[in-house]
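All remarks here apply to the structure that follows.
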Amino acid sequence: MSRNHGSSTRRLLEAARYHGFGIAAALLFLAPLVWSVLVSFKPSIEARQPPLPPWPVGGFSVQSYENLAQYGSGIWTYAGNSLAVSAATVAASVLVSLLAGYGFSRFQFPLKNVLFVLIISTVMIPFQSILTPLFLILTKLGLQNTLTGIVLVYVTLQLPFSTFMMRNAFDAVPREIEDAARVDGASVFAVLYRIMLPLVLPGVATVAIFAFLASWNEFLAALILLTDQKKYTLPVLMAAVRSGQFGTIDWGAVQSGVTLMMAPCLALFLLLQRYYIRGLTAGAVK
Amino acid sequence: MMGAAQEKAKIELRDVCKTFGSVDVIHSLDLTIEGGEFVVFVGPSGCGKSTLLRMIAGLEDVSSGDIFIAGRDVTDLDPSKRGIAMVFQSYALYPHMSVRQNLAFGLEMAKTPADEIARQVNAAAEILKIGPLLDRRPGQLSGGQRQRVAIGRAIVRKPLAFLFDEPLSNLDAELRVSMRIEISRLHRELGNTMIYVTHDQTEAMTLADRIVVLRDGRIEQVGTPRQVYEDPNNLFVAGFIGSPRMNIVDAVCLAGDRIGVADAVIPLPRPGPAAAPGEAVKLGIRPEHLRLGAPKESALRAHVDFSEYLGSTRYLYCNLQSGESITVEQRDGTDFLSGEEVWLNCDAECLRVFSPSGERLRTGRPERTATA
Numbered sequence: 001m002s003r004n005h006g007s008s009t010r011r012l013l014e015a016a017r018y019h020g021f022g023i024a025a026a027l028l029f030l031a032p033l034v035w036s037v038l039v040s041f042k043p044s045i046e047a048r049q050p051p052l053p054p055w056p057v058g059g060f061s062v063q064s065y066e067n068l069a070q071y072g073s074g075i076w077t078y079a080g081n082s083l084a085v086s087a088a089t090v091a092a093s094v095l096v097s098l099l100a101g102y103g104f105s106r107f108q109f110p111l112k113n114v115l116f117v118l119i120i121s122t123v124m125i126p127f128q129s130i131l132t133p134l135f136l137i138l139t140k141l142g143l144q145n146t147l148t149g150i151v152l153v154y155v156t157l158q159l160p161f162s163t164f165m166m167r168n169a170f171d172a173v174p175r176e177i178e179d180a181a182r183v184d185g186a187s188v189f190a191v192l193y194r195i196m197l198p199l200v201l202p203g204v205a206t207v208a209i210f211a212f213l214a215s216w217n218e219f220l221a222a223l224i225l226l227t228d229q230k231k232y233t234l235p236v237l238m239a240a241v242r243s244g245q246f247g248t249i250d251w252g253a254v255q256s257g258v259t260l261m262m263a264p265c266l267a268l269f270l271l272l273q274r275y276y277i278r279g280l281t282a283g284a285v286k
Numbered sequence: 287m288m289g290a291a292q293e294k295a296k297i298e299l300r301d302v303c304k305t306f307g308s309v310d311v312i313h314s315l316d317l318t319i320e321g322g323e324f325v326v327f328v329g330p331s332g333c334g335k336s337t338l339l340r341m342i343a344g345l346e347d348v349s350s351g352d353i354f355i356a357g358r359d360v361t362d363l364d365p366s367k368r369g370i371a372m373v374f375q376s377y378a379l380y381p382h383m384s385v386r387q388n389l390a391f392g393l394e395m396a397k398t399p400a401d402e403i404a405r406q407v408n409a410a411a412e413i414l415k416i417g418p419l420l421d422r423r424p425g426q427l428s429g430g431q432r433q434r435v436a437i438g439r440a441i442v443r444k445p446l447a448f449l450f451d452e453p454l455s456n457l458d459a460e461l462r463v464s465m466r467i468e469i470s471r472l473h474r475e476l477g478n479t480m481i482y483v484t485h486d487q488t489e490a491m492t493l494a495d496r497i498v499v500l501r502d503g504r505i506e507q508v509g510t511p512r513q514v515y516e517d518p519n520n521l522f523v524a525g526f527i528g529s530p531r532m533n534i535v536d537a538v539c540l541a542g543d544r545i546g547v548a549d550a551v552i553p554l555p556r557p558g559p560a561a562a563p564g565e566a567v568k569l570g571i572r573p574e575h576l577r578l579g580a581p582k583e584s585a586l587r588a589h590v591d592f593s594e595y596l597g598s599t600r601y602l603y604c605n606l607q608s609g610e611s612i613t614v615e616q617r618d619g620t621d622f623l624s625g626e627e628v629w630l631n632c633d634a635e636c637l638r639v640f641s642p643s644g645e646r647l648r649t650g651r652p653e654r655t656a657t658a
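Heads up: the sequence lines are chains C and P, in that order. Following the working numbering, the numbering of the first sequence begins with 1 at its first residue and continues without gaps. Following the working numbering, the numbering of the second sequence begins with 287 at its first residue and continues without gaps.
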């Protein structure tokens, strides 16, 4: 009886320690997010004061959000730009990498490995170093200062990782499943759509999350390739919003922008996290 | 075509070759499988039996030659258009679909009406007794149940022929026996042409109408289980079929249809094999054909190395005077000590003579076919 009692106390202590550490770590990671959200609800003047306490002392205010909303062509234009660019990047990345991954995983063709290594090796080129040629090429194509142009750039930058990811995902699906579907009378596209796609969904989710986060947060390429203020995406807008009157920084507007920008990322990640973890480990252990 | 329920499709391979790069996997192979026949491809691993099956299924390209199914040249046809169904070693069920969806997939691909699909799926589930499992996912099934589903997926489509690629190798011994009987029953009920690949000779012997013994991409022998067991064409087939293996010992042909083995002289059936007196040959004797008896000139003297007691039988592993080892199957329940001397007799009809290169040297008259 007493031994039982002792072991249950020990288990309780262990659980407390385990959960205590977990909660502390979670707080550490959540603190900056919460801080940003709280500051965004301070009135503009208070937001400029030293940051302690982090919560609004003079009552909650949406003044920063109003400032942000009225900036330039209005926040919805920029949010719309960002959303359109991200959605198109996600769609194009998923489509291209799905087909490319399937091809690299399942079909035999000349120079297959050379081609694959070539695609992967483009990760080694710092993208800043090719901005100038990119700018010139886009200008030649008449795509400079267009959202289509910036989507093409983002998809290109995402492609090596996405293709690699999808090839691993397809490699992890036993070949016999595909053989069985082919014997069952499925065409190549039916096999891909009905059988393979559901099985590589974790990979697709991972590719989608990465493409979304990368294009949603990307700043440098957008700053350089988009010159018309109406075409700005949110990160570029944030840089513009930052500068308040007389060179001061409007922290309230910045934090409200940050809050606005991280909301979709959080939502998407929470929605797809189950697949995301499985996708990253796919192909690691067969 | 696929709707033709009980059509018994003849399958013909004509001069079929397969090369992977510079490696020849299948060498110019001819084979005709009659409609409704149950044929088993058997051979050691790497002999090309699975490759051959996949070529018939259309999952591997044919390097040269032609394949006909039900009189139609399918050599360049997609697997989906060949009207065959295949059961894989790893079951290869679609993990994201329920059992019902797994069974229905092939019919959906053939654009069968929904009510017809439901009817077929239920009928197949009835035959294989998997009715209660229809709404489960493959991950929730045991190995035996998965294999039933895999077979069910093959039978719902009413194919021209069934191809089985080592379907029982992932099951435990007991389940393997019961599934083997079930596959046999299925063949009796459906009557379709079936091709079955295995390296397990028990499966081959029990299931097959005809066995195709393969080695290194070549057919060594085609025949009924009895033919390949009792009348092997060469040393390879003799050694591969049968467990424990056929004893192969060096021997010399002597005048008067006799053969010298170690220090014994054993009579051969008359007329003897096509070998000149004095010619070195290989002699094959099945372990169950060796009997223990009294010392005499025609008996092989051997010493027991060790003996294995298996209940109904006992295997004696003996050494001949020449140092060659020989296995004896013994059924009278006597115990033997290691080192004990035994004299082994064998009927002339049970001896199989091979040339040193492994070819069978047949006698002029039919040999005894029933096991002693």
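No residue lacks a Cβ here, since even glycine has one placed at the ideal position from N, Cα and C.
Going by C-alpha distance, which of the options is nearest residue i?
i: leucine 260(C); options: Ala24(C), Asn217(C), Ser97(C), Gln273(C); result: Asn217(C)
i: valine 590(P); options: Lys582(P), Glu583(P), Arg600(P), Leu596(P); result: Arg600(P)
i: aspartate 536(P); options: Phe640(P), Ala561(P), Asp359(P); result: Phe640(P)
i: leucine 234(C); options: Val94(C), Ala172(C), Thr122(C), Ser86(C); result: Ser86(C)
i: proline 511(P); options: Val435(P), Val325(P), Pro399(P); result: Val325(P)
i: threonine 613(P); options: Asn533(P), Val628(P), Ala561(P); result: Asn533(P)
i: valine 311(P); options: Cys333(P), Arg471(P), Phe592(P); result: Cys333(P)
i: asparagine 519(P); options: Arg474(P), Asp495(P), Glu475(P), Val499(P); result: Val499(P)
i: asparagine 145(C); options: Thr132(C), Phe164(C), Ile195(C), Leu223(C); result: Leu223(C)
At least one CB of chain P closer than 8 Å to the CB of residue i: is that the case?
i: serine 187(C); result: yes
i: arginine 182(C); result: yes
i: leucine 199(C); result: yes
i: glutamate 176(C); result: yes
i: alanine 190(C); result: yes
i: histidine 5(C); result: no
i: aspartate 250(C); result: no
Measuring straight from C-alpha to C-alpha, what distance separates residue i and residue j?
i: isoleucine 120(C); j: tyrosine 65(C); result: 42 Å
i: alanine 100(C); j: proline 424(P); result: 29 Å
i: tyrosine 380(P); j: arginine 340(P); result: 19 Å
i: phenylalanine 219(C); j: alanine 88(C); result: 17 Å
i: proline 553(P); j: cysteine 632(P); result: 10 Å
i: arginine 11(C); j: alanine 25(C); result: 21 Å
i: arginine 167(C); j: serine 215(C); result: 22 Å
i: asparagine 81(C); j: glutamine 426(P); result: 46 Å
i: tyrosine 595(P); j: lysine 294(P); result: 46 Å
i: aspartate 517(P); j: serine 598(P); result: 26 Å
Residue i lies in the alpha helix (DSSP H); which residues open and close that run?
i: valine 94(C); result: 75-106
i: aspartate 364(P); result: Aspartate 364(P) -> no alpha helix (DSSP H), and no H or E assigned at all.
i: asparagine 388(P); result: 385-395
i: arginine 432(P); result: 429-441
Assign residue i to one of three DSSP states: helix, strand, or coil.
i: threonine 148(C); result: helix
i: tyrosine 601(P); result: strand
i: alanine 186(C); result: coil
i: glycine 351(P); result: strand
i: proline 553(P); result: strand
i: leucine 586(P); result: strand
i: serine 314(P); result: strand
i: valine 39(C); result: helix
i: tyrosine 515(P); result: helix
i: glutamine 507(P); result: strand
Please confirm if residue i has its CB atom under 8 Å from at least one CB of chain C.
i: alanine 378(P); result: yes
i: histidine 485(P); result: no
i: valine 360(P); result: no
i: histidine 575(P); result: no
i: alanine 588(P); result: no
i: alanine 371(P); result: yes
i: phenylalanine 354(P); result: no
i: serine 349(P); result: no
i: phenylalanine 640(P); result: no
i: serine 366(P); result: yes
i: leucine 389(P); result: no
i: glycine 430(P); result: no
So is the beta-carbon of residue i under 7 Å away from any non-hydrogen atom of the ligand SAH?
i: aspartate 549(P); result: No copy of the ligand SAH occurs in the structure displayed, which carries no ligand at all.
I need the boundaries of the beta strand (DSSP E) containing residue i, first residue and last residue.
i: asparagine 631(P); result: 627-631
i: threonine 613(P); result: 611-616
i: alanine 537(P); result: 533-540
i: threonine 305(P); result: 297-306
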